[in-house]
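Colleague: Chain order of the listed sequences is A and B. For the first sequence, full-length UniProt numbering gives the first residue as 1, with consecutive numbering after it. For the second sequence, full-length UniProt numbering gives the first residue as 1, with consecutive numbering after it. Below is one structure. I have some questions about it.
2 protein chains.
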Amino acid sequence: MSLTASLLTAATVLVDDIHSGVAARGYTDIRPTHGFVFSRLSEAGATVTEVAEHLGVTRQAASQIVDELVAKGYVERRPHPSDARARLVVLTERGVRCTWAAEDAAVDALESWEDILGEQRLLAMRDELVRLAPNGPLRPAW
Amino acid sequence: MSLTASLLTAATVLVDDIHSGVAARGYTDIRPTHGFVFSRLSEAGATVTEVAEHLGVTRQAASQIVDELVAKGYVERRPHPSDARARLVVLTERGVRCTWAAEDAAVDALESWEDILGEQRLLAMRDELVRLAPNGPLRPAW
DNA sequence: AATATATAGGCAAGAAGCTTGAGCAAGTTA
DNA sequence: TAACTTGCTCAAGCTTCTTGCCTATATATT
Chain A
1 MSLTASLLTA ATVLVDDIHS GVAARGYTDI RPTHGFVFSR LSEAGATVTE
51 VAEHLGVTRQ AASQIVDELV AKGYVERRPH PSDARARLVV LTERGVRCTW
101 AAEDAAVDAL ESWEDILGEQ RLLAMRDELV RLAPNGPLRP AW
Chain B
1 MSLTASLLTA ATVLVDDIHS GVAARGYTDI RPTHGFVFSR LSEAGATVTE
51 VAEHLGVTRQ AASQIVDELV AKGYVERRPH PSDARARLVV LTERGVRCTW
101 AAEDAAVDAL ESWEDILGEQ RLLAMRDELV RLAPNGPLRP AW
């Protein structure tokens, strides 16, 4: 099995597991893509353009995704503090609670991995992966 | 950056790079998904159902993808040797040459990664990833 | 052997989620 | 202040998936 295939299957399995865990915690109306958005917003929010770059999609697509998250109560659009053209997308309380649930789900999903490799090597792998692809997008589809 | 995010960005970057390399070698009418199909077929072919499981999509979707690959000359459907219901999907010569091009492109794409981590650790990472998720699907979208 | 059920595959319609194209408002440059 | 750029969004369209249904063959039951 190639590195490419093993990377992809590992990523797919992990994302699917976390997605199931998030759904089991009551958040059944969102997709993994939305989680990628949340992680971009969690620090201090972001503009639609920044979300688009993070996901590797067009600004229009990012805008639609944000629309959906607004409608479902996970995020809201605020005026941008320093640029009246832009709008700052930030997590609502519901959005924050959902990211907590996702972190919980990630811990659960990684438990079986820690049993196999141990926390040490898992962290080492993460560090190596970050060195290999520090700033890439999280494209939701191919 | 989390393990999940680093896994996904690394996989995304690698897939995008290989896809570009394959396109640069003249195969501009296929997507990464098709490459995942090729890798499943390369041994001894596979049924549509097996392709569907490999990709993590419905049988109908897999059938449509195979339709497209047949139309473009990369694969063909043959009667299955031991089950008259099933059909064996196999690579054509064009399909085989395309998988070669993909392997070339993968080597190119991995060069910069070898510069960063070295071949040893890259192979070690692959082994670890295989242990973590041996039989997962390569879902083309979330 | 006859019947019931399961499995492989595919057609058609529809939905999800992206892109392209166009346009407005606000910022930046000359 | 005029020209251009940037941030965003509306609308339309397209790609690619799913759902629902159907046929043919295989397998299990009686």
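Even glycine gets a Cβ: it sits at the ideal position worked out from N, Cα and C. Please read these numbers as outputs of a predicted model, since none were measured by experiment.
Which residues in the same chain have their Cβ closer than 7 angstroms to the Cβ of B:His-19, if we skip the five residues on either side of it in sequence?
Modeller: Closer than 7 angstroms at the Cβ level, and outside the excluded window around B:His-19, lie Pro-32.
Colleague: At the 8 angstroms Cβ level, is A:Glu-128 part of the contact set with chain B, yes or no?
Modeller: Yes, A:Glu-128 counts as interfacial toward chain B.
Colleague: What are the complete alpha helix (DSSP H) segments, minimum 4 residues, inside the stretch 65-119 of chain A?
Modeller: Those alpha helix (DSSP H) runs which fall completely within the stretch 65-119 of chain A and span 4+ residues are 93-117.
Colleague: In chain A, which residues lie with their C-beta within 8 angstroms of the C-beta of B:Thr-12?
Modeller: Those are Gly-56, Ala-133, Gly-136, Pro-137, Leu-138, Arg-139, listed as they occur along chain A.
Colleague: Excluding the 5 residues flanking B:Leu-41 on each side, which residues of the same chain have their C-beta closer than 7 angstroms to its C-beta?
Modeller: Counting only Cβ-Cβ distances below 7 angstroms, and skipping sequence neighbours, we find Val-75, Val-89, Val-90, Leu-91.
Colleague: B:Val-37: buried (16+ other C-beta within 10 angstroms of its C-beta) or exposed?
Modeller: B:Val-37 is buried by the Cβ-count criterion.
Colleague: Rounded to the nearest angstrom, what separates A:Asp-83 and A:Leu-123 at their Cα positions?
Modeller: Those two C-alpha atoms are separated by around 39 angstroms.
Colleague: List the residues that DSSP assigns as beta-bridge partners of B:Pro-46.
Modeller: According to the sequence as given, residue 46 of chain B is Ala; it is not Pro. Answer is B:Val-89.
Colleague: Kindly indicate which three-state DSSP category A:Ala-141 falls into: helix, strand or coil?
Modeller: Of the three classes helix, strand and coil, the one that applies to A:Ala-141 here is strand, per DSSP.
Colleague: Is there a Cβ of chain B sitting closer than 8 angstroms to that of A:Thr-92, yes or no?
Modeller: No, A:Thr-92 does not count as interfacial toward chain B.
Colleague: Report the option in B:Pro-79, B:Asp-115, B:Met-1, B:Asp-17 whose CA atom is closest to the CA atom of B:Asp-104.
Modeller: Considering only alpha carbons, the answer is B:Asp-17.
Colleague: From the beta carbon of A:Val-51, is the nearest beta carbon of chain B less than 8 angstroms away?
Modeller: No, A:Val-51 does not count as interfacial toward chain B.
Colleague: Straight-line CA distance for A:Asp-108 to B:Leu-55?
Modeller: Rounded to whole angstroms, A:Asp-108 to B:Leu-55 spans 25 angstroms at the Cα level.
Colleague: With 8 angstroms as the threshold, decide whether the Cβ of B:Ser-39 is near any Cβ in chain A.
Modeller: Chain A contact via Cβ: present.
Colleague: Below 9 angstroms on C-beta distance, what does B:Ile-18 contact in chain A?
Modeller: Here the neighbours are Thr-4.
Colleague: In chain A, which residues lie less than 9 angstroms from B:Ala-106 when you measure between Cβ atoms?
Modeller: Chain A residues near B:Ala-106: Ser-2, Leu-3, Thr-4.
Colleague: Note down, in chain order, each residue of its chain lying with its Cβ closer than 7 angstroms to the Cβ of A:Asp-29, except the 5 sequence neighbours on either side.
Modeller: Correct list, in chain order: Lys-72.
Colleague: Closer than 8 angstroms by beta-carbon distance: list the chain B residues that pair up with A:Ala-32, in chain order.
Modeller: Position check: residue 32 of chain A holds Pro in this sequence, whereas Ala was assumed. Within chain B, the residues near A:Pro-32 are Trp-142.
Colleague: My understanding is that A:Ala-106 touches B:Thr-4, with C-beta atoms under 8 angstroms, so please give their C-beta distance in whole angstroms.
Modeller: Contact flag correct, Cβ pair sits at about 6 angstroms.
Colleague: Count the other C-beta atoms from every protein chain shown that fall within 10 angstroms of the C-beta of B:Ser-6, then say buried if there are 16 or more, exposed otherwise.
Modeller: Its Cβ being crowded by 16 or more others within 10 Å, B:Ser-6 is buried.
Colleague: Taking the CB atoms as reference points, tell me whether A:Thr-49 and A:Arg-87 lie closer together than 8 angstroms.
Modeller: The answer is no: Cβ separation not under 8 angstroms.
Colleague: Are the C-beta of A:Thr-99 and some C-beta of chain B separated by less than 8 angstroms?
Modeller: So, not an interface residue.
Colleague: Taking B:Gly-118 as the reference, give the member of A:Glu-114, A:Ser-112, A:Leu-132 with the closest Cα.
Modeller: Measuring from the Cα of B:Gly-118, the nearest candidate turns out to be A:Leu-132.
Colleague: Using a C-beta cutoff of 8 angstroms, does A:Val-22 count as contacting chain B?
Modeller: No, A:Val-22 lies away from the interface with chain B (no Cβ there is under 8 angstroms from its Cβ).
Colleague: Since I believe A:Arg-121 is in contact with B:Glu-128 (beta carbons under 8 angstroms), could you give me their beta-carbon distance rounded to a whole number of angstroms?
Modeller: Their Cβ separation, rounded to whole angstroms, is 7 angstroms, which keeps B:Glu-128 and A:Arg-121 in contact under 8 angstroms.
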